[in-house]
Each structure stands twice: as structure tokens, then as C-alpha cells.
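Going by the working numbering, the final residue of the sequence shown carries number 679, and the count climbs one at a time with no gaps.
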Amino acid sequence: MTLYQLTLFSIRDKYDNLIEHVWELYEQLYFNTGNLTYITKISNNYKDLIFKLEKLNNVDKALDVTTVSKVLKDAIVKQKKTFDALLILQKKIDRDNRDNLIFKHINAFTDLETILLNNNNRNYIKILHRLNTNITIYPYERESTFQRIQDDIEILKSNSFAESYINITKELIDVELQIKNDMGKYLLSINSIDPILDKNFFQATNMQRNELEAIKDKIKNMMIKLFTILGTVILFIIFIVIKMRKSISKPATIILRTMEKMSSGDLTEKAEYNFDNEMGHICLNINSAIDTLKTLILNIKTSSEQSGIMGTIINDISTETSTAMTEISANLNMITTQMSNLVVEISNSNHSSNLISKKAEEFNNLVSDQSSALEESTAAIEEMIASIQNVSNIATEKGRIADSLTELTKVGGEKIESTSDLIKEVSILTSEILEVINVINEIASQTNLLAMNAAIEAAHAGDAGKGFSVVADEIRKLAESTGDNSTKINESLNIIVKKIEDALMVSNDSNKAFESVNIEVIDLTNSLHEIASFMTEMSTGSKEVLGAASALAEITGDIRDGAGTIRNETVEISDALTKMDSLVSEINSGIKEVSLAGEEIAGSTETLSVESSKNMDNAKNLNNEADKFRI
Numbered sequence: 049m050t051l052y053q054l055t056l057f058s059i060r061d062k063y064d065n066l067i068e069h070v071w072e073l074y075e076q077l078y079f080n081t082g083n084l085t086y087i088t089k090i091s092n093n094y095k096d097l098i099f100k101l102e103k104l105n106n107v108d109k110a111l112d113v114t115t116v117s118k119v120l121k122d123a124i125v126k127q128k129k130t131f132d133a134l135l136i137l138q139k140k141i142d143r144d145n146r147d148n149l150i151f152k153h154i155n156a157f158t159d160l161e162t163i164l165l166n167n168n169n170r171n172y173i174k175i176l177h178r179l180n181t182n183i184t185i186y187p188y189e190r191e192s193t194f195q196r197i198q199d200d201i202e203i204l205k206s207n208s209f210a211e212s213y214i215n216i217t218k219e220l221i222d223v224e225l226q227i228k229n230d231m232g233k234y235l236l237s238i239n240s241i242d243p244i245l246d247k248n249f250f251q252a253t254n255m256q257r258n259e260l261e262a263i264k265d266k267i268k269n270m271m272i273k274l275f276t277i278l279g280t281v282i283l284f285i286i287f288i289v290i291k292m293r294k295s296i297s298k299p300a301t302i303i304l305r306t307m308e309k310m311s312s313g314d315l316t317e318k319a320e321y322n323f324d325n326e327m328g329h330i331c332l333n334i335n336s337a338i339d340t341l342k343t344l345i346l347n348i349k350t351s352s353e354q355s356g357i358m359g360t361i362i363n364d365i366s367t368e369t370s371t372a373m374t375e376i377s378a379n380l381n382m383i384t385t386q387m388s389n390l391v392v393e394i395s396n397s398n399h400s401s402n403l404i405s406k407k408a409e410e411f412n413n414l415v416s417d418q419s420s421a422l423e424e425s426t427a428a429i430e431e432m433i434a435s436i437q438n439v440s441n442i443a444t445e446k447g448r449i450a451d452s453l454t455e456l457t458k459v460g461g462e463k464i465e466s467t468s469d470l471i472k473e474v475s476i477l478t479s480e481i482l483e484v485i486n487v488i489n490e491i492a493s494q495t496n497l498l499a500m501n502a503a504i505e506a507a508h509a510g511d512a513g514k515g516f517s518v519v520a521d522e523i524r525k526l527a528e529s530t531g532d533n534s535t536k537i538n539e540s541l542n543i544i545v546k547k548i549e550d551a552l553m554v555s556n557d558s559n560k561a562f563e564s565v566n567i568e569v570i571d572l573t574n575s576l577h578e579i580a581s582f583m584t585e586m587s588t589g590s591k592e593v594l595g596a597a598s599a600l601a602e603i604t605g606d607i608r609d610g611a612g613t614i615r616n617e618t619v620e621i622s623d624a625l626t627k628m629d630s631l632v633s634e635i636n637s638g639i640k641e642v643s644l645a646g647e648e649i650a651g652s653t654e655t656l657s658v659e660s661s662k663n664m665d666n667a668k669n670l671n672n673e674a675d676k677f678r679i
């Protein structure tokens, strides 16, 4: 496994943990808005990073036969340090502290709301709810809500109960701002990886190209050495065979068999002749040559594979370069068209400059007319200021009268309300009297019944009961009289109760009428105060308008002088536009030269692609030839 592969695995592992943490943070901060900007940008950077590291890994594989360059090692170290820094940074985004503050903020809001409700501070309650709403949407609309939050905090400071809530609110805003800054640093750190990778990839590509040339030179030198060694060995063997044919027939047979194997491409068999003499030394040298040849062929196969990989990379780069040059050529054509349009615009501007000079003269005449009109406007404004001041004084006086009327209607309403309460009490007492009369009626009825019974008993008693009969008759008359009187009283009381109820209804209607009058009087008072305030503002504004008119008169004089300057400057602008026309023509010529150079680069890129394809074919052929050897 190469060093880049280890780096890739390490980055993927760290990134999985990092992206999981960022998602958790995102769900808390941005879930309600649906804003995927942060996570999308992080994911795109991660994909681009992995793509570039995989390219560098391919380069590292291609160079693995020799060594991993110092440039690539330094790049890996830098990237690992960058990701470690990112992990440290994202851990600083303290979600727990924010969650605790939000919990404290909710409790403080509930406590303050309860206190304000108990004290009937409705205005503060309205401000508190508005402030809490702005705090809720602050993470998503920072620019538009920040000033509103500050204004509401200033208003709440006047309430002594709100100190704790205000402190927690400020602390929560500071934490939100810190989280925003940390997220900005976090994204800035991620974006800083791109130029590092681009630089490393460019350096690695250049190093790859240089080492490709070095490998080609090495293959060439190794082939020369190979054929030199083979020629030397063959000549030496022929010489030995001729010189010592009879005395060395056995070792010569071994050597010939070994050489036949070598000539057929079989390098698996060595010369087995282990004697300490010249032929033994020759066999050892042949075996050493076979080992060297094996190593050489292995290196040739490895180098041809590397050449194929590098050819593919170079071919891809050539294709990308060709595409880029095509886009550049199209952009140059578009620039040429725009420059032609610019020439037309310069001509139009020159014409417009002449028109401006004429209009400046006309403008100078208009300024003189405006100066006269300003003098008349100033006099009219002074008269308007005097009228506004008079209206303001009248509105202020009427406002004081309306305040007194408001107080009187308030007192009248309170008295009517007291009268209504008294009528209600009388109504209750009348009801109690009716109950007493009902009791009296019952008693009279019972008494009348007893008197009748007494009269009956007196009649039964005869003469002895006459006196008792008289008493019983008087009691009966008294009971009847009491019943009649209680009935009349009851009827009178019912009429009184009806009148009391009518009086109570009239009193309630009067109370409502007084309340309506009071509301209208308050509205009238507020309107008069607003009129007075508005007239004061109008007076101030009119004075400012008067000052502005004076300043405008001075500016008009400056404008008159400026019109003459404009007339002179337009002449210079016309000269400058003529020079610019010549300069644009020169730029057009330069663009055409750049376009031709781009076409030459595109042709060179195509040639490079063709040569790269040939190099890939040669590497493939070389690899096929090397495969013919048995190692």
C-alpha cells in the first residue's frame, strides 16, 4: 500500500466523523431554513479532494519502482496537517454551550413574562414577545434582525425586572456570532485545500514527466549493456570452445545447453558446474549474467507498465489542455466581437460628448432661471413657517383643553359607575323587603284562619263565647286589613323594583356612553397632540428647507461654474476617445496574435497526444517482448 493510499484512508475516516458532526450542527442551526449552502460546499470540496488525491496516488504508483518524491511526501504531510486543523476548528464550535444558553434564555423569558403579566405591563409584554421572535429568527436573518434586537433591548432596560433576561440575550447573540465566525473560518480552511492540491498535482505531474524521461534513458542504457554483455559472453564462449574443446567438453555441453535456453528466452535454468577452475568461473559468470538479465527484463516490464500509465495521464492532460484552448479561442473571438462593439460605443460616446457640450450651455441658461425661482420660493417658505407656528400654538392650547375634558369625562364615568352600584344595592334591599312582605302575607293568612276557627268555637260556646267571638272578629278584620295592606305594599314594591331596573339599565347605558365619550375625547386629545407635534416638525422642516434653499442658491452658482467646466472637459473627453479608438485597434491586433498562438498550442497539444499514443504502443510492444522471456 502506497503512502497516498494510507493518506486517503486516513482522510476518509476523519471526514466521516467531521461531516457527521457538521450535520448535527446544521440540523440545530439551519434546519428550519432549508439552507444547504454549508453542507453542499463541504461535500463538493471533499469529492474534489478525493479525486485529486486519487490522481496523485496513480502518480505515486507509477513512481513506486524508484521512490516517492519529496514533493509528494511534503504534500501529504501538509494535507494531513490541514485536515487535523479542520478537526480542531470544528470541535471549537461549542454546541453544548449554545444549547444551555437557549435553555436559560427560555426560562428567563418565561419568568420575565410572568412578572410582567402580574404587574399588567402590557407594553413591555408586547416588546418582550417581539424581541423573542427576532431572537428565534436571528441565526437565519442576522442582518435584518440585529438592529431590531438592539432597539428592543434598549427599551427593556427601563424595566428593572428585565436585567437577567437582557444579559442572557446578549450572551446568546455573542455565541451565535461566534458560531457564524467559526463556520466562516471552517469553510475558509476547507477552501484553502484546493490551491494546495492544485500546486502539488502540478508539481507531481512535472516530476512524473521528468522521471518518465529518466526511465526511458535508463531503459536505453540497460539495453545497450544487455547486448554488450550478450555479445561479450557469446564471443568468450566461442573462444573457449575452440581453444579448449576436448578438455572442457562436459562443462561446454552444460554451457551450450544453458546458452540455448537463454537464446530461446528461458532464463529459469542455470549452468550447474561447481568446480573451482576456469570453466567453473565461466559458469558462475554466466549465472550472474542470467540473474542480471532477469533483473533487467523485470525492470523493462515495470518501466513499460509505468510508461503506459504515464502515457494515459499525459493523454488525459493533453485532452484537457485541448479543451481549454478551444474555450480560450472561443473567448478570444467573443472579446474581438466585444472590442468591435466598443469601437462603435466610442464613436457614439464621442458624438454624445459633443451633445453634452451643447446641453451644458443650455443648462447654464436654465440655472439662471432657477436662481430667480429660488428667491421667490424662499419668500414663500418664510410666510409658510409663520403660518405653521400659529397653527402649532393653537393645536397646543386645544390639546390642554382636551386633556382637562378627558379628566372630567373620567370623573363623570366614575360617578355614574358609583350610582349604578348604589342602584344595584337598593334593588337587592327591595328584593329582601318583598320577601318580608311575603312572610307577612302568610302570617295574615294564618291569623285569618285562626280567627275563623275561634269564631266557630265561640258560636259553639253560645252566650259564654260571645266575648271571645268579638275578639276573634277583630282579629279577623286585622288579618284581612294586614293582608290588603301587604298586597298593596307588594304591588308598590314591584313597581319600585321595575323602576329600579329601568334606572339600572339607563345607568349602564349612561356609563357606556361616557366610556365612548371618554375614548373619543382621548382620541381627540392624541390627535391634537399629534397635530401640534407634526406642526413643530413641519416648522423645523420648513426652516431646514429654507436653509436648503439658501444652500441651493449657492450650489446653483457653483453649478453655473461647473457647466462651463463640463463644456471644457467634454472637449478633452472627445480627444481621449479618439486616442482610445486607436488603442482598441492595437488591442484587436494583439488579440489576433494571441488567437494564432492558441491555435499553435492546440496543434502542439494534438502532436503531444499523438506522440503519447505512440509511446503507449511502444511500451506495450516492449512489454510483449519482455513477456517472451521465462524468468
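We put the beta carbon where it would ideally sit given N, CA and C, even for glycine.
(Q) Considering Cα atoms alone, identify which of 403, 665, 658 is closest to residue 367. (A) Residue 658 is the option with its Cα nearest to residue 367.
Q. Rounded C-beta distance between residue 492 and residue 520? I'm assuming under 8 Å.
A. So it is not a contact: roughly 15 Å between Cβ atoms.
Q. Just the Cα atoms here: how many angstroms apart are residue 392 and residue 181?
A. Within the model, the alpha-carbon separation for residue 392 versus residue 181 is close to 56 Å.
Q.
Quick check on residue 661: does DSSP put it in helix, strand or coil?
A. Residue state, collapsed to three classes: helix.
Q | Test item: CB-CB of residue 36 and residue 337 under 7 Å | A | Only positions 49 to 679 of the chain appear in the structure, and residue 36 is not among them; the question remains open.
**Q.** DSSP-derived helix/strand/coil call for residue 669
**A.** Residue state, collapsed to three classes: helix.
Q) From this set, 203, 207, 196, which residue's C-alpha is nearest residue 221's C-alpha? A) Of the candidates 203, 207, 196, the one whose C-alpha sits nearest the C-alpha of residue 221 is 196.
**Q.** Chain-order list of residues whose beta-carbon lies under 6 Å from that of residue 517 (same chain, five-residue window excluded)
**A.** Excluding sequence neighbours, residue 517 sits near 503, 506.
Q. When we look at the beta-carbon of residue 442 and count the other beta-carbons within 10 Å, is it buried (16 or more) or exposed?
A. The residue is exposed, with fewer than 16 neighbouring Cβ atoms inside 10 Å.
Q) Thinking just about the alpha-carbon of each residue, which of 226, 177, 438 is nearest to the one in residue 581? A) Out of 226, 177, 438, 438 has the C-alpha closest to the C-alpha of residue 581.
**Q.** Alpha-carbon spacing of residue 669 relative to residue 335, whole angstroms
**A.** The alpha-carbon separation between residue 669 and residue 335 amounts to approximately 27 Å.
Q: Quick one: grab the DSSP three-state call for residue 184.
A: Here residue 184 sits in helix by DSSP.
Q) Between the Cα of residue 175 and the Cα atoms of 655, 200, 194, which residue gives the shortest distance? A) Of the candidates 655, 200, 194, 200 places its Cα closest to the Cα of residue 175.
Q) Which whole-angstrom value is the C-beta distance of residue 216 and residue 152, which I expect to be below 8 Å? A) So it is a contact: roughly 5 Å between Cβ atoms.
Q: Apply the 10 Å Cβ neighbour rule to residue 149 and answer buried if 16 or more other Cβ atoms are within range, or exposed otherwise.
A: A buried status is given to residue 149, since no fewer than 16 other beta-carbon atoms sit within 10 Å of its beta-carbon.
Q | Span separating the alpha-carbon of residue 477 from that of residue 452 | A | Between residue 477 and residue 452, the C-alpha separation is close to 38 Å.
Q | Alpha carbon of residue 116 to alpha carbon of residue 350, nearest angstrom | A | Residue confidence for residue 116 is low, a pLDDT of 42 falling below 50, so the modelled location carries little weight; the figure read from the coordinates is stated next. Whole-angstrom Cα-Cα distance: 16 Å.
Q: State buried or exposed for residue 269, treating a residue as buried only when at least 16 other CB atoms are found within 10 Å of its CB.
A: Counting the other Cβ atoms within 10 Å of the Cβ of residue 269 gives fewer than 16, which makes it exposed.
Q: Quick one: measure Cβ to Cβ for residue 156 and residue 212, integer angstroms, because I've assumed they're closer than 8 Å.
A: Contact flag correct, Cβ pair sits at about 6 Å.
Q. If residue 537 sits next to residue 471, beta carbons under 8 Å apart, how far is it from one beta carbon to the other, in whole angstroms?
A. No, residue 537 and residue 471 are not in contact; Cβ-Cβ is about 21 Å, not under 8 Å.
(Q) residue 488 and residue 534 - do their beta-carbons sit closer together than 7 Å? (A) Yes, Cβ-Cβ distance for residue 534 and residue 488 is below 7 Å.
Q: Tell me whether residue 164 is buried or exposed, calling it buried when 16 or more other Cβ atoms sit within 10 Å of its Cβ.
A: The residue in question, residue 164, is buried, as its Cβ has 16 or more Cβ neighbours within 10 Å.
Q) Does the beta-carbon of residue 527 have 16 or more other beta-carbons within 10 angstroms, so that it is buried, or is it exposed? A) Residue 527 is buried by the Cβ-count criterion.
Q: Check whether the Cβ atoms of residue 496 and residue 524 sit closer than 7 Å, and answer yes or no.
A: Taking 7 Å as the Cβ cut-off, residue 496 and residue 524 qualify as a contacting pair.
**Q.** Spatial distance of residue 455 from residue 167 (CA atoms)
**A.** The straight-line gap from Cα to Cα measures roughly 24 Å.
Q.
Here's a check: name, in chain order, each residue in its chain whose Cβ is nearer than 8 Å to the Cβ of residue 545, leaving out the five neighbours to either side.
A. 475, 478, 479, 482, listed in sequence order.
Q. Alpha carbon to alpha carbon, how far is residue 198 from residue 219?
A. Taking the straight line joining both Cα atoms gives about 13 Å.
Q. Going by the beta-carbon positions, is the gap between residue 210 and residue 179 smaller than 7 Å?
A. Their beta carbons are not under 7 Å apart, which means residue 210 does not touch residue 179 by this criterion.
Q | Same chain, Cβ closer than 6 Å to residue 86, five either side skipped, listed in chain order | A | Because residue 86 carries a pLDDT of 49, less than 50, the predicted location of this residue cannot be relied on, and the following value inherits that uncertainty. Once the five neighbours on either side are set aside, residue 86 has no close Cβ partner at all.
Q: Could you tell me if residue 613 is buried or exposed, where buried requires 16 or more neighbouring beta carbons within 10 angstroms of its beta carbon?
A: Answer is exposed; the Cβ neighbour count stays below 16.
Q) Taking the alpha-carbon positions, what's the residue 640 to residue 396 distance? A) The C-alpha of residue 396 is placed about 25 Å away from the C-alpha of residue 640.
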